[in-house]
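K.L.:
Here's a structure for you.
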Amino acid sequence: MSEPLITYELDGNVALIGLNRPDKRNAINDPLIDELRVAVLRAHEEADVAVLFGHGSNFCAGLDLAEALARATGQIKPLRKRRRHNWHEVFDLIARGPIPFVAALHGAVVGGGLELAMATHLRVCDESALFGLPEGQRGIFVGGGGTVRIQRVVGTTVMMDMMLTGRLLSPSEGLQEHVVRYVTPPGEALGKARELAARVAKNSVETNWMIINVLPRVQDLSHDDGLFMEQLNSARARPPEAEQRLREFVDGKARKIQDNQG
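Counting in this note's numbering, the sequence shown runs without a single skipped number right up to 291 at its last residue.
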């Protein structure tokens, strides 16, 4: 029996989802996307937070170019009807699903690997990570949502530079351009991601859902519409858990917020 392309482990209320093609630098092909979809949907049901990481020495080197070549030369039969790109579908299940995702990044985080990482909500890398968009040098274009997610984070100028020149961003540059929020010593990104996931899991499920679903939608709206959507969500009926948390804070029983948590 062949090894799974995606590993899945449930640690309490945190799902650990691993890309498992280390001999191919975790390059993304259709079978991997299919297994990733199954794992993400399982995490939606079982977990409150998920951590996404890569087995081996890289997070993800992007598109499986052998599969792309086979498709371009007609060796893979095209679908009879046009449908939504499977990467878009699965990455949106991560980005706009019911639970937050934390990414632990190391080694190559390039092309589709960067697009996948940017679908998560919190991103940690170690000092071995390199971020790039080599599609320009491959004669192709981004296809996993990069024009939307990456461009909105780093801006058009930075993304154009990365695509036109093939420039790789270092961990410090990734931090500067908001690709990541945390940088660790080599080998420690997954541990930090799990620590953050455990902290996020202490929030209410409802609040986490609003944070990851309302904020990106407000970004797409005008000023007035954004304020209106904020009011609609802040005025929603609060679950009993929210009342309990507010009461604990008022009574001085809430856990103290630590300074310098990064």
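Virtual Cβ for every residue (Gly too), placed ideally from N, Cα, C.
State buried or exposed for Pro163, treating a residue as buried only when at least 16 other CB atoms are found within 10 Å of its CB.
P.N.:
With 16 or more other Cβ atoms within 10 Å, it is buried.
K.L.:
If you measure between the beta carbons of Lys221 and Val153, is that distance less than 7 Å?
P.N.:
In contact: Lys221 and Val153 (Cβ atoms closer than 7 Å).
K.L.:
Between His114, Gly140, Asp63 and Ser233, which lies nearest to Asn87 when the distance is taken from Cα to Cα?
P.N.:
Out of His114, Gly140, Asp63 and Ser233, Gly140 has the C-alpha closest to the C-alpha of Asn87.
K.L.:
Examine the Cβ distances between the region 114 to 122 and the region 245 to 259 and report whether three or more of them are shorter than 8 Å.
P.N.:
Judged by Cβ distances under 8 Å, the region 114 to 122 makes no contact with the region 245 to 259, as fewer than three pairs qualify.
K.L.:
I'd like the list of long-range same chain contacts for Gly91, defined as Cβ closer than 7 Å, with 5 residues on each side in sequence excluded.
P.N.:
So the list reads Ala56, Ile57, Val139, Gly140, Gly141 and Gly142, once near-sequence residues are dropped.
K.L.:
Taking the alpha helix (DSSP H) that Leu162 belongs to, which residues open and close that run?
P.N.:
Leu162 -> no alpha helix (DSSP H), and no H or E assigned at all.
K.L.:
Can you tell me the Cα-Cα spacing of Asp253 and Ser263, whole angstroms?
P.N.:
If you take the alpha carbons of Asp253 and Ser263, they lie about 15 Å apart.
K.L.:
For Asp93, count the other beta carbons within 10 Å of its own beta carbon; 16 or more makes it buried, fewer makes it exposed. Which is it?
P.N.:
Burial call: buried.
K.L.:
Work out the CA separation of Arg246 and Glu74 for me, nearest whole Å.
P.N.:
Their Cα atoms are separated by approximately 23 Å.
K.L.:
Within the region 204 to 257, note down every full alpha helix (DSSP H) run reaching 4 residues or more, in order along the chain.
P.N.:
Listed in chain order, the complete alpha helix (DSSP H) runs (minimum 4 residues) inside the region 204 to 257 are 218 to 229 and 234 to 248.
K.L.:
Between Trp238 and Val43, what straight-line distance do the alpha-carbon atoms span, to the nearest angstrom?
P.N.:
Distance between the alpha carbons of Trp238 and Val43 is about 15 Å.
K.L.:
Under 7 Å between the Cβ atoms of Asn49 and Leu34?
P.N.:
Going by C-beta atoms, Asn49 is nearer than 7 Å to Leu34.
K.L.:
Mapping the DSSP letters down to three states, classify Gly341 as helix, strand or coil.
P.N.:
Outside the displayed span of the chain (30 to 291) sits residue 341, for which this structure offers no information.
K.L.:
Considering only DSSP beta bridges, list what Val139 is partnered with.
P.N.:
Answer is Gly161.
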